[in-house]
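Colleague:
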Amino acid sequence: MRVDHFAYQQATRVAGFGLLLQVTIGLTLLLFGLLGRDTSMAIGSFYALSGIVVWVGLIVAFHQHRLERLEALEDDELREAAPDASIFEASREETGVAAKRLRQMHKWMLPIASLLVAAILITLSTMTFVWLGKLDDPASRANLQNDFLVGNSPGWQIAIGLGFAIIAFIFSRFVAGMSQQSAWQNLRGGAGFMVGNALVCFAIAIGMVFTLFEKTGAMRVVTQVILIFMIAVSVEIILNFILNLYRPRRRGEVPRPAFDSRILSLLAAPDSIVRSINEAVNYQFGFDITSSWGYQLLLRSFVWLGGFAVIILLALSTMVVVEPDQQGVRLRFGKIVGDVRQGELVWKLPWPIETVETYDVGLVRELFLGPAGITYPAVSKWAASDDKGPAGRRSYLVAAPKMSEEVRRAVEGLESTNVALDDTAGEDVQADDASGASSDQLGGRFALVDADIVMRWRVKPGALIDYLSFSTDERRNRSFSVMRVRALHSIAMREISQFLSREPLDDVLSPKGRSLLVRLQNRVQKAYDEYGTGVEIVSLVIPFLQPAPEAVASFEDMSIEKQNARKIVEEARRTVAVTMATLVGDVDSADEITSLILELIAVENEQGIDSEEARTRRALIEKKLIDGRASAATLISQARARRWEIITNAQENTSDVLGQAAAFHAAPEIFRQRLVMDVLATTLNSVRMKYVLGPDPERVNLGIQMREPDVGFNLDEYIPSDS
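Count along the sequence shown starting at 1, add 22, and that's the number in the working numbering.
1) In this structure, does DSSP put E345 in helix, strand or coil?
2) Is the segment 90 to 100 in contact with the segment 126 to 137, if contact means three or more CB pairs nearer than 8 Å?
3) What are the residues that DSSP puts in a beta bridge with G350?
4) Grab me the residues of N262's own chain with a C-beta within less than 6 Å of its C-beta, minus the 5 sequence neighbours each way, in chain order.
5) Does the Cβ of V441 have 16 or more other Cβ atoms within 10 Å, making it buried, or fewer, making it exposed?
6) Might you give, ordered along the chain, the residues of its own chain that have their beta carbon closer than 8 Å to the beta carbon of T233, omitting 5 neighbours on each side?
7) Contact check, V76 vs G199 under 8 Å by CB: the rounded distance?
8) Output the boundary residues of the alpha helix (DSSP H) element that contains V386.
9) Looking at the structure shown, is D488 part of a helix, part of a strand, or coil, going by DSSP?
10) Report the rounded CA-to-CA distance for R363 versus V344, giving the unit in angstroms.
11) Do I564 and I475 have their C-beta atoms closer together than 8 Å?
12) Check for me: the beta strand (DSSP E) holding W479 runs from which residue to which?
13) Within a Cβ cutoff of 8 Å, which residues of the same chain sit near F521, ignoring the five residues on either side of it in sequence?
14) Helix, strand or coil for Q202 per DSSP?
15) Mind checking whether T245 and S491 have CB atoms under 8 Å apart?
16) Pull up the CB-CB distance for G48 and A70, whole angstroms please, since I reckon it's below 8 Å.
17) Tell me whether L80 counts as near the ligand MN, meaning its Cβ is closer than 7 Å to at least one heavy atom of that ligand.
18) Compute the Euclidean distance between the alpha carbons of K548 and D528, then round it to the nearest angstrom.
19) For the segment 119 to 126 against the segment 39 to 48, are there 3 or more C-beta pairs whose distance is under 8 Å?
20) Closer than 8 Å by C-beta to H511: which residues in its own chain qualify, once you throw out the five before and the five after it? Chain order, please.
21) Taking the alpha-carbon positions, what's the A64 to L53 distance?
22) Which value, in whole angstroms, describes the spacing of the CA atoms of G356 and I513?
23) Put D450 into one of helix, strand or coil per three-state DSSP.
24) State the start and end residues of the unbroken beta strand (DSSP E) segment that holds P526.
25) On the DSSP bridge list, what partners appear for E558?
26) Within 10 Å of its beta-carbon, does M149 have 16 or more other beta-carbons around it, so buried, or fewer, so exposed?
27) Using a Cβ-Cβ cutoff of less than 6 Å, which residues in the same chain neighbour Q629 once the five nearest sequence positions on both sides are dropped?
28) So what's Q32 in DSSP terms, helix, strand or just coil?
29) Taking A485 as the reference, which of G607, V383 and A181 has the closest Cα?
30) Are the Cβ atoms of R506 and S493 separated by less than 8 Å?
31) Below 8 Å CB to CB, which residues in the same chain sit around V754 once its five sequence neighbours on both sides are set aside?
32) Please state whether the Cβ-Cβ distance between I582 and M477 is less than 8 Å.
33) Please report how far the alpha carbon of P719 lies from the alpha carbon of T705, in whole angstroms.
34) Provide the residue(s) that pair with A421 in DSSP beta bridges, ordered along the chain.
35) For S519, which of F468, Y489 and V139 has the nearest alpha-carbon?
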């Protein structure tokens, strides 16, 4: 082929058409992605629009080649017109302006364009990957305005994807064929980018086909593949740029731009791949085996042999063996048909019309509600340390420990005192201490514990359909678990958090009665059944459980104080038992008598102290006390005896008074004087000094006789009077 300005003009026109096709593909994908709300097509437009730089660079380069050829043609004509002129003795390459510009373009413009394309691809793909990562983070996703969307017009999307893929591939093949000529070899870069457009559009169409079969995660995977493809192309461009810096250059050779991808060039010219395979086969056998009759027969029979192989594969896909420990369901275009099969040969329609999904229903799986893969010691020693534990360890709110009645009253009294002090201090102090008061109230109601919970589960017998209908096994970007496991994890965490928030701290750390794990397992299982998960919880274990690290140190003192409190309570109970046994006879009778006394008080308040009901209850209480034969019964008996003694004395005095009534009425004055004399006789008998207060002494004659009482041993009685 003659290399002149017409050849480069043709290359310029082809590059211009490539630019027009590149802009059409890029803008169509972008507009359809924005207006049709399809994220994958919008991201696919990033690659197509970045290729505009490639075609613009090729247009400018080939146009400059055309100018250089025109300048060379003019130079040749001038040389022929004046072959002896000295002005033309200098080299054309040194004097040609267009040639200098062409060299500068290959030296600066095309490498800069290559780096610009690589920078655009890396920047857009990296930003998109970061955005996809934020979609998987609930905290970051709340701040995003857009979500990953799949268009609601799959038919149009498949048509656009396949149509552009076919057009781009045909044009890339045409351009790749032109690049076989040395003058048009730089068109390989455009052909490579155009076949890249075909791959992107074809991937979008394939993703939409999977979407028709309700594989909603396919477009997410296609988007990630497109982003990885963009990064791979940009990395290859950077490597080509670095290699071009060290590649030796021959005089007159047109340098190959960095955006000319070797890999995409092979895809643009697949015949070269077949040629390379033939050469590799010949090299391995050591002779030209591709020209033999056997190889040619194989090539001629390749179509029907391939068809026969496809028929065999389709026939084999009509039967599936379900193992005894498995259960399987038939899916027709993604929809469940038929019953659940187990341990049998299942016949179905060939793939892809029907498929059989098998599940190990007997397999027990573990769901870690906390950190996974931790080895726990045989004995867990609570110890406060700066280490907050492994990543993923969760803290749970539990109810505060139960307080005794005395402690509760003391705390309430202290809080009321603080409130009174705050009222006297003014509104400023209340405003400053509002947050502190609220935190104290929260601390009085809840406590924190750190726990690692492991739940072992399996598919519930006979509930495989519910298990499949509950959620999907789709794995979101940068997520370690599928959607089904994440849903089970969320439900279990909600139920466990609600359950523990109502359990006192003492009951969580030291459960009594019915096992805490059994009640917790039943609660989570009930929630799973309500949501129709088709999951059966085999067991639920807590390998690690302790209070919050900041409070671990004080739990030893708390245990000691609890023991002291129990000791005091037991001593008080023993004192009560001894006291009640002394007073009443036994503790059970004391409780019964106490309740009767309370009832008596209530009756007296309602009906009065002297009511018949009150008297009856008093008698019953007194009988109970006497039957106990204890101190209370003795005290009642003594009181009864004293009462009869007082009554008897009173009756005696009454009889004496009544017997003296007749004498008093007969001679009152004499009766009175007699009584006085009796009193004086009784009283003065024990008085040694006596005073008589009476009337005038001259009117009274006193006869006094002084006597001394005889002692027990008087000698005068034994001495004769004569001596």
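From the three backbone atoms N, C-alpha and C, an ideal C-beta is built for every residue, glycine too. Since the structure is predicted, the reported quantities are computational estimates derived from the model, not experimental observations.
Modeller: In short, the structure shows the following:
1) coil
2) no
3) R363 and T380
4) Around N262: A280.
5) Because the pLDDT of V441 is 47, which lies under 50, any placement of that residue in the model is unreliable, and the question is left without a value.
6) Counting only Cβ-Cβ distances below 8 Å, and skipping sequence neighbours, we find V172, P176, A240 and M241.
7) That pair is no contact at about 18 Å.
8) Note, V386: premise wrong, no alpha helix (DSSP H); not H, not E.
9) helix
10) 7 Å
11) yes
12) In the DSSP assignment, W479 falls within the beta strand (DSSP E) that extends over F468 to V481.
13) R541, L542 and R545
14) coil
15) Cβ distance not < 8 Å, so T245 and S491 don't count as in contact.
16) 4 Å
17) Ligands in the displayed structure: none, and consequently the ligand MN is not present.
18) 25 Å
19) no
20) L389, L391 and S503, listed in sequence order.
21) 8 Å
22) 27 Å
23) Any answer about D450 is weak, because its pLDDT of 45 lies below 50 and its placement is not dependable; what the coordinates show is given next. Under the three-state reduction of DSSP, D450 is assigned to helix.
24) Element bounds for P526: n/a, residue is neither H nor E.
25) R480
26) Exposed.
27) E635
28) helix
29) Closest option to A485, Cα to Cα, is V383.
30) Yes, the Cβ-Cβ distance between R506 and S493 is below 8 Å.
31) Lying outside 23 to 745, the shown extent of the chain, residue 754 is not represented and no answer is given.
32) Not closer than 8 Å, so no.
33) 23 Å
34) F468 and P526
35) F468
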